[in-house]
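In what follows, a structure is listed as structure tokens, so that the remarks can point back to it.
Shown next as structure tokens:
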């Protein structure tokens, strides 16, 4: 599971290039490494979010929130995948999705250990040159 903790204001040497930050700066998502590929999903919800996803193991990602905000989650009810889409409760930026249900088998098996991070929250120059795949949406 991603760690959610209050943000500490420090001048540590953490590489900012691999930290996704919302518009207001209250939510930060620290990635374990630079993404090797990106997915622009055109499913019914991701298309509306305009997200550009990179995938990681939940235990490898650290989510921090400022003390004056919370994450707001939307759990899809039109699909059986059990994904929660999480955004900053202050500025509304979509930060990540994570699996919330456990499936023993089938297409969603292991999803509870995964996390998709919206790489549009990384500095623009950090995602340039990374291979991007675009999925076709429903009905295409």
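Numbering (UniProt numbering), first residue to last: 1 to 140.
We put the beta carbon where it would ideally sit given N, CA and C, even for glycine.
Check whether the segment 60 to 67 and the segment 40 to 52 touch, using three or more Cβ-Cβ pairs below 8 Å as the test. no
Taking only the alpha-carbon atoms, compute the straight-line gap between residue 53 and residue 121 and give it to the nearest angstrom. 10 Å
What first and last residue would you give for the beta strand (DSSP E) that runs through residue 116? 114 to 118
Spell out the partners DSSP gives residue 40 in its beta bridges. 134
Segment contact flag, the segment 87 to 98 with the segment 24 to 44, C-beta cutoff 8 Å, min 3 pairs: yes
How about residue 133 and residue 39: are their beta carbons less than 7 Å apart? yes
Report the partner residues of residue 29 according to the DSSP bridge assignment. 20 and 63
At which residues does the alpha helix (DSSP H) containing residue 167 begin and terminate? One cannot answer for residue 167 here, as it falls past the ends of the chain, which runs 1 to 140.
Looking at the structure shown, is residue 99 part of a helix, part of a strand, or coil, going by DSSP? strand
Give the single residue among 33, 37 and 55 whose Cα lies nearest to the Cα of residue 97. Between residue 97 and the set 33, 37 and 55, the nearest pair of CA atoms involves 55.
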